[in-house]
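Protein sequences appear in the order of chains A and B. Under numbering that gives the first Met the number 0, residue 471 is the last one in the first sequence; the count climbs by one each step, no gaps. Under numbering that gives the first Met the number 0, residue 372 is the last one in the second sequence; the count climbs by one each step, no gaps. Every residue gets a Cβ at the ideal spot worked out from N, C-alpha and C, and that includes glycine. Predicted model, so just to flag it, every value in this text is computed and none were measured.
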Amino acid sequence: MSVAPKREDYDVVVIGAGPAGLAAAATSAEAGLSTLLLDENIGPGGQVFRAISSTPVTERDQLGADYWIGADLVQSLRAGSAEIIQRATVWSLDRNLDIAVSIGGASAFVKAKRVILSTGALERPFPIPGWTLPGVMTAGAAQIMLKSSALVPDGRTVIAGQGPLLWLLAAQILRLGGRIDRILDTTQRGNYLAALPHAFAFLTSPYFAKGLSMMREVKAKVQLVSGVTELSAEGDGQLAKVSYVAGSKRETIPADLLLLHQGVVPNVNLAMSAGVEHRWDDLQLCWSPVLDASGNSSVAGIAIAGDGAGIGGANAAVVRGRIAARAAIEALAPAAAAKLAPMATLRSDLAKAERGRVFLDTLFRPAPQFRIPSGDTIVCRCEEVTAKDVLDSVAIGATGPNQLKAYRRTGMGPCQGRLCGLTVTELMAQARGKTPQEIGYYRLRAPVKPITLAELAAVPKSEADVKAVVRG
Amino acid sequence: MTRNVDVIVIGGGIHGCSTTLHLCLAGLKPVLIEKDYAGRHASGVNAGGVRQLARHIPEIPLSIRSMGIWEKISDLLDDDCSFESYGQVLVAENEDELAACRARVAELNALGFTHEELIDGAELRRLVPAVAETCPGGVVSRRDGAANPAQTTTAFRRKAEQLGATVREGVAAGNIRHRDGLWRVDVGSESFAAPVLVNAAGAWAGKIASDLGEPVPVETVAPMLMITSRVPHFIDPVVILRGRKLSFKQFKNGTVLIGGGHLATPYQDRNETVLDWKSLATSAQTVFELFPVMRSATIVRAWAGIEAKMKDDIPVFGPSSRHKGLYHQFGFSLHGFQLGPGAGAVMAELIVSGGTQTRVGDLGIDRFYPSTL
Chain A
0 MSVAPKREDY DVVVIGAGPA GLAAAATSAE AGLSTLLLDE NIGPGGQVFR AISSTPVTER
60 DQLGADYWIG ADLVQSLRAG SAEIIQRATV WSLDRNLDIA VSIGGASAFV KAKRVILSTG
120 ALERPFPIPG WTLPGVMTAG AAQIMLKSSA LVPDGRTVIA GQGPLLWLLA AQILRLGGRI
180 DRILDTTQRG NYLAALPHAF AFLTSPYFAK GLSMMREVKA KVQLVSGVTE LSAEGDGQLA
240 KVSYVAGSKR ETIPADLLLL HQGVVPNVNL AMSAGVEHRW DDLQLCWSPV LDASGNSSVA
300 GIAIAGDGAG IGGANAAVVR GRIAARAAIE ALAPAAAAKL APMATLRSDL AKAERGRVFL
360 DTLFRPAPQF RIPSGDTIVC RCEEVTAKDV LDSVAIGATG PNQLKAYRRT GMGPCQGRLC
420 GLTVTELMAQ ARGKTPQEIG YYRLRAPVKP ITLAELAAVP KSEADVKAVV RG
Chain B
0 MTRNVDVIVI GGGIHGCSTT LHLCLAGLKP VLIEKDYAGR HASGVNAGGV RQLARHIPEI
60 PLSIRSMGIW EKISDLLDDD CSFESYGQVL VAENEDELAA CRARVAELNA LGFTHEELID
120 GAELRRLVPA VAETCPGGVV SRRDGAANPA QTTTAFRRKA EQLGATVREG VAAGNIRHRD
180 GLWRVDVGSE SFAAPVLVNA AGAWAGKIAS DLGEPVPVET VAPMLMITSR VPHFIDPVVI
240 LRGRKLSFKQ FKNGTVLIGG GHLATPYQDR NETVLDWKSL ATSAQTVFEL FPVMRSATIV
300 RAWAGIEAKM KDDIPVFGPS SRHKGLYHQF GFSLHGFQLG PGAGAVMAEL IVSGGTQTRV
360 GDLGIDRFYP STL
């Protein structure tokens, strides 16, 4: 059943119920602020704690202890006064803090004094030859099926890419009895050396021991090929083979399923469409919002917490959510803020949670050939635009992603650039000898997620229109 | 270092780009200065309507001149601009509106214009089969059509550059002054000087005119558009309504563009607009009522471009009434795209030969100030 928001105005509207959103909404409501939490999924948790209230997986070890932390967060939120609406897709946010949200096929408009965006991360595009074939999917998509339905692959399965989540997924699949034939590790050999100076912080972070034991667990059961420098998916209308080069040796193996993953990047669409300033992050190779120490963005009243503020992982997300909420409380109800944990404590919690991140970012910085495709490899799936098409457009005068729209319609399909944006920016930057910052990104527009014409037509009219009708 | 050129054009919209190109064709060396990039604002993001239909009478001669260029746009630009000509149809939703259409066509005919043609319900449904049964007729302009606005504006800029124009994008024209018989403009660390200056700066042109002592009644507006997901092909011509704010166009790929002039709030200094979804909902409702086939389509994107709207809804076009060598080309008031090719050609004629065969006298800035020249 769908429920519309109870009010038109809130002190705080939190968008996204992942770790950051759960923590932000709980903190805000606890301080007595009218708080609305809008989340697109059927239950709270985001990706990290997906299906935390409903997963059919009952053996705690299979998903790992970190997963179940989500249950505590949800519990403390539900104990408070925050209004929580699931299956609520926010499709517009602007600099006046007007929010349009679609719930059960009907749109409602609410206004906030403060908005905390916690829309999390997306998987980085992995545009190799054949990545659009049926049978190739992202590791994240596989993890959604695993968490919400306990579904694991049973055909010939290859996992390719790099990063902590790749290992986590592999471990989760194996624990639930799924099949993995081979893991193709694309981590660049040079990254190990580059990451070394940051190793101390990582060794003393909680990630280290957990990561190491997980990798050991997976390696005991699956053949691992490291140093993969080329990768392609092949097949006639359906994935049949995976071909790769490691060392100087090319190998081709039959496969029914190829899971790709090379890290996650902030999901910037809603923030960018609201006019929040972003900068190119040269370490994480993505766009990150420009934020102050409390998560406040360039748009007054909009704060960003969680991985949408720059990839930091679930523990950091929780603290960032609390910091953003505390800043909102300081602004709207200073008396209540005095009773909360001091900001300094939260900031030191955050520093602790972010420890080791630079090491991970450096080690798992994806190689150029897996970010910047060439030739006939598809860049934009919605409009079937290849790398060569993009370069041809650059040659006749397309200078950035927004100009490219006019030549090739890239980014104008339903995904609004989520699957091609980073690739287009980096490809054009390389072709034009500019930095990604100079090249820029698509200007994003609402609706950030498509809504039906019928739904928009049913929206109550503005006062001006009503008056015009009354006057005849 | 000051570079001497023949003409300085400020503004890289379709008008500035077209004028620059036509100046090149006339053998002059112009410089085009654009603070963002060509087609960044209204020229690149408008509905792309190539429309003679339903125009204000003073701008019809310019529109007809422009139509001739549109029909050979590939010859001019080596780019088809995705121009297609399936006509534009104005739909009357009731008998009163049809009567107004009849009067309008008669008025145009009396003036010697024949591009608008009154149609009955049968012809309306032949042209637009999906339209609601209750609509009794309308007006068609059969040579009209649509083009891709960003592609078109970019093609004008590219061709102008190929023919020798200097193009400066990404830096605003500053310190505009007239000294020692020349117009002088700074562009970053560069300066340009020329006997002629063209003010084609769109939403920013009013301020330039005002700084030069010619303020005009102009405001900045941002008309909204939205586009849908692909739906099966059901309509060829561009459709506009007589009585309600709606325009409607289906592209070859099946997507449908919905416009009609509902306004967003422009934040001109930031190059931003904030959309008014409740007004867009009115457009959606109109489409919902008139085109049942559209009901299940999804809206994938909405936007607004920033542009200048005159109080009297017709552009400021022609020589300054105060300064020798200054020309204005702005204030196209939500219907400047189709005029771009012709306006550039006529502007080049005014600059090069001091006159034109195309009747544009009613569009001059001297409608606000008698010329002191």
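Spatial distance of residue i from residue j (CA atoms)
{"i": "Pro124(A)", "j": "Thr376(A)", "result": "12 Å"}
{"i": "Pro43(A)", "j": "Val73(A)", "result": "7 Å"}
{"i": "Asp348(A)", "j": "Gly309(A)", "result": "17 Å"}
{"i": "Ser373(A)", "j": "Thr228(A)", "result": "15 Å"}
{"i": "Ile322(A)", "j": "Ser247(A)", "result": "49 Å"}
{"i": "Gly360(B)", "j": "Lys387(A)", "result": "49 Å"}
{"i": "Asn190(A)", "j": "Gly119(A)", "result": "26 Å"}
{"i": "Lys110(A)", "j": "Glu82(A)", "result": "14 Å"}
{"i": "Val397(B)", "j": "Gln328(B)", "result": "Coverage of chain B is limited to positions 0 through 372, which leaves residue 397(B) absent and any answer about it impossible."}
{"i": "Val469(A)", "j": "Pro459(A)", "result": "Caution is warranted here: a pLDDT of 42 is assigned to Val469(A), below 50, making its placement in the model unreliable, and the coordinate value is therefore given only provisionally. Roughly 15 Å between the two C-alpha positions."}
{"i": "Gly129(A)", "j": "Arg417(A)", "result": "18 Å"}
{"i": "Pro340(B)", "j": "Ala37(B)", "result": "15 Å"}
{"i": "Gly17(A)", "j": "Glu329(A)", "result": "23 Å"}
{"i": "Gly236(A)", "j": "Thr131(A)", "result": "10 Å"}
{"i": "Leu362(A)", "j": "Arg325(A)", "result": "33 Å"}
{"i": "Glu382(A)", "j": "Gly212(B)", "result": "49 Å"}
{"i": "Ser73(B)", "j": "Ala140(A)", "result": "46 Å"}
{"i": "Val4(B)", "j": "Glu189(B)", "result": "13 Å"}
{"i": "Gly15(A)", "j": "Ala302(A)", "result": "13 Å"}
{"i": "Lys433(A)", "j": "Leu390(A)", "result": "14 Å"}
{"i": "Ala467(A)", "j": "Ser84(B)", "result": "Reliability fails at Ala467(A), whose pLDDT of 45 lies under 50, so the model's placement of it is uncertain and the value that follows must be treated cautiously. The straight-line gap from Cα to Cα measures roughly 35 Å."}
{"i": "Tyr368(B)", "j": "Gly86(B)", "result": "38 Å"}
{"i": "Val30(B)", "j": "Val378(A)", "result": "36 Å"}
{"i": "Thr398(A)", "j": "Arg407(A)", "result": "13 Å"}
{"i": "Glu381(B)", "j": "Arg229(B)", "result": "Here chain B has residues from 0 to 372 only, and residue 381(B) is not among them."}
{"i": "Thr113(B)", "j": "His55(B)", "result": "14 Å"}
{"i": "Ser140(B)", "j": "Val88(B)", "result": "7 Å"}
{"i": "Ser282(B)", "j": "Ala301(B)", "result": "12 Å"}
{"i": "Ala303(B)", "j": "Leu117(B)", "result": "32 Å"}
Expected contact under 8 Å - CB spacing of residue i and residue j to nearest Å
{"i": "Phe331(B)", "j": "Leu325(B)", "result": "The pair is not a contact, with the Cβ atoms about 18 Å apart (cut-off 8 Å)."}
{"i": "Asn270(B)", "j": "Asp35(B)", "result": "7 Å"}
{"i": "Val8(B)", "j": "Thr1(B)", "result": "Going by Cβ atoms, the distance from Val8(B) to Thr1(B) rounds to 17 Å, so no, they are not a contact pair."}
{"i": "Gly137(B)", "j": "Val90(B)", "result": "5 Å"}
{"i": "Thr23(A)", "j": "Gly320(A)", "result": "In the sequence under discussion, the amino acid at residue 23(A) is Ala, which differs from the Thr named in the question. Going by Cβ atoms, the distance from Ala23(A) to Gly320(A) rounds to 4 Å, so yes, they are a contact pair."}
{"i": "Thr227(B)", "j": "Leu452(A)", "result": "6 Å"}
{"i": "Val267(A)", "j": "Trp286(A)", "result": "5 Å"}
{"i": "Thr272(B)", "j": "Ala342(B)", "result": "Incorrect: roughly 25 Å between the Cβ atoms, too far for contact."}
{"i": "Pro196(A)", "j": "Leu359(A)", "result": "Between Leu359(A) and Pro196(A) the Cβ distance is about 14 Å, and since that is not below 8 Å, they are no contact."}
{"i": "Val237(B)", "j": "Phe250(B)", "result": "The pair is not a contact, with the Cβ atoms about 11 Å apart (cut-off 8 Å)."}
{"i": "Ile350(B)", "j": "Ser319(B)", "result": "About 12 Å separates the two Cβ atoms, so there is no contact after all."}
{"i": "Ile32(B)", "j": "Gln51(B)", "result": "The Cβ separation is near 31 Å, so there is no contact."}
8 Å Cβ cutoff met for residue i and residue j
{"i": "Val393(A)", "j": "Arg431(A)", "result": "yes"}
{"i": "Phe316(B)", "j": "Leu372(B)", "result": "no"}
{"i": "Arg156(B)", "j": "Gly11(B)", "result": "yes"}
{"i": "Glu96(B)", "j": "Gly242(B)", "result": "yes"}
{"i": "Arg174(A)", "j": "Gln61(A)", "result": "yes"}
{"i": "Ala232(A)", "j": "Pro253(A)", "result": "no"}
{"i": "Gln222(A)", "j": "Gln161(A)", "result": "no"}
{"i": "Ala154(B)", "j": "Cys100(B)", "result": "no"}
{"i": "Phe287(B)", "j": "Ala129(B)", "result": "no"}
{"i": "Val217(B)", "j": "Met346(B)", "result": "no"}
{"i": "Glu29(A)", "j": "Gly69(A)", "result": "no"}
{"i": "Val244(A)", "j": "Ala273(A)", "result": "no"}
{"i": "Val224(A)", "j": "Leu183(A)", "result": "yes"}
{"i": "Ile374(B)", "j": "Asp210(B)", "result": "Chain B is shown from 0 up to 372; residue 374(B) falls before or after that span and cannot be answered."}
{"i": "Ala107(A)", "j": "Pro4(A)", "result": "yes"}
| said: Does the contact criterion of 3 or more C-beta pairs under 8 Å hold for the stretch 276-284 of chain B versus the stretch 420-429 of chain A? | reply: no
| query | Do the stretch 246-263 of chain B and the stretch 287-307 of chain B meet, that is, are 3 or more Cβ pairs less than 8 Å apart? | reply | yes
| Contiguous beta strand (DSSP E) assignments of at least 3 residues, all confined to the stretch 356-426 of chain A | Counting only runs of 3 or more, we get 377-379.
| query | Is the stretch 179-199 of chain B touching the stretch 66-78 of chain B, taking contact as three or more C-beta pairs under 8 Å? | reply | no
| Segments of 3+ residues assigned as beta strand (DSSP E) that fall wholly inside the stretch 25-50 of chain B | 29-33
| said: Below 8 Å, how does it come out for the stretch 136-146 of chain A and the stretch 275-283 of chain A: are there three or more Cβ pairs, yes or no? | reply: no
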